[in-house]
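Encoded as structure tokens, the structure appears first; notes follow it.
Protein chains in written order, with the working numbering: chain A, 135 to 248; chain B, 163 to 275.
Printed below as a string of structure tokens:
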């Protein structure tokens with residue numbers, strides 16, 4: 135069965151610093167990979183997705199993620215964090231494009247210091 | 163584009179009381195609808211999904227049930243709440259079941275005391 139691990143429960147960065155959130159997945163074939171962001175008391179918003187092709191994908195709000203098959207990773211990055219990026223971030227994997235098959239990681243809470 | 167209305171935003175209920183959470187979707191027809199639960203410090207767990215009116219699939223055995231009386235209405239219910247039912251409940255919608263078009267409501271924070 136597929137699974138997703140986000141090893142960092144909480145990350146704190148200063149505004150303007152770079153950010154990398156880790157995500158590791160377990161799945162035999164090439165998975166469909168997603169990153170979502172959740173503001174407090176809100177639903178999840180899709181930041182970016184990877185299905186195939188270029189392993190570096192660009193998303194909204196200046197985020198990008200890189201699929202590395204050899205490391206079973208799909209880490210989320212941003213070169214310069216803004217205070218408004220403070221939120222919880224979820225990585226998710228599906229063995230097809232079906233929403234029913236989505237498996238979510240436990241999330242990483244991001245705090246941004248002024 | 164899709165809009166999902168979920169209410170109430172916050173709910174405090176005593177153990178043993180009934181529950182009804184409602185979700186309505188605008189801007190799409192015949193969507194696939196989903197109920198997720200998010201426990202503190204955990205990811206999302208899929209509870210129910212529906213591909214059409216009165217077509218409900220349960221993903222995990224539990225104290226909850228779901229119904230879809232209309233195309234764009236999805237209801238989560240319980241006859242008797244348990245403490246373990248506390249959590250953040252999210253309704254989601256996507257056309258044709260596609261993950262990349264999954265859109266979430268703003269959620270209901272349920273506290274069972």
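For every residue, glycine included, the Cβ atom is placed at its ideal position computed from N, Cα and C. Keep in mind the model is a prediction, meaning the values are calculated, not measured.
Pick from the options that is closest to residue i, judged by C-alpha positions
{"i": "residue 163 of chain B", "options": "B:188, B:261 and B:227", "result": "B:188"}
{"i": "residue 210 of chain A", "options": "A:175, A:174 and A:184", "result": "A:184"}
{"i": "residue 152 of chain A", "options": "A:179, A:217, A:227 and A:225", "result": "A:217"}
{"i": "residue 241 of chain A", "options": "A:156, A:161, A:149 and A:201", "result": "A:156"}
{"i": "residue 224 of chain B", "options": "B:175, B:168, B:266 and B:197", "result": "B:197"}
{"i": "residue 248 of chain B", "options": "B:172, B:260 and B:186", "result": "B:172"}
{"i": "residue 204 of chain A", "options": "A:141, A:135, A:160 and A:148", "result": "A:160"}
Cβ of residue i within 8 Å of any chain A Cβ
{"i": "residue 125 of chain B", "result": "Given a span of 163 to 275 for chain B in the structure shown, any question on residue 125 of chain B remains unanswerable."}
{"i": "residue 251 of chain B", "result": "no"}
{"i": "residue 123 of chain B", "result": "The structure shown does not extend to residue 123 of chain B, since chain B spans only 163 to 275, so no value can be given for it."}
C-beta contact flag for residue i and residue j at 8 Å
{"i": "residue 177 of chain A", "j": "residue 252 of chain B", "result": "yes"}
{"i": "residue 257 of chain B", "j": "residue 190 of chain B", "result": "yes"}
{"i": "residue 242 of chain B", "j": "residue 178 of chain B", "result": "yes"}
{"i": "residue 170 of chain A", "j": "residue 228 of chain A", "result": "no"}
{"i": "residue 200 of chain B", "j": "residue 272 of chain B", "result": "no"}
{"i": "residue 201 of chain A", "j": "residue 208 of chain A", "result": "yes"}
Three-way DSSP call (helix, strand, coil) for residue i in this model
{"i": "residue 235 of chain A", "result": "helix"}
{"i": "residue 200 of chain B", "result": "strand"}
{"i": "residue 183 of chain A", "result": "strand"}
{"i": "residue 205 of chain A", "result": "helix"}
Residue i at chain B interface by Cβ criterion, 8 Å
{"i": "residue 238 of chain A", "result": "yes"}
{"i": "residue 150 of chain A", "result": "no"}
{"i": "residue 156 of chain A", "result": "no"}
{"i": "residue 232 of chain A", "result": "yes"}
{"i": "residue 196 of chain A", "result": "no"}
Residues, ordered as in the chain, of the region 164 to 194 of chain A that lie near chain B by beta-carbon distance below 9 Å: 166, 168, 170, 172, 175, 176, 177, 178, 179, 180, 183 and 185
Residues of the region 215 to 230 of chain A whose Cβ lies closer than 7 Å to any Cβ of chain B, in chain order: 224 and 228
Against chain A: residues of the region 230 to 257 of chain B by CB proximity under 7 Å: 252 and 256
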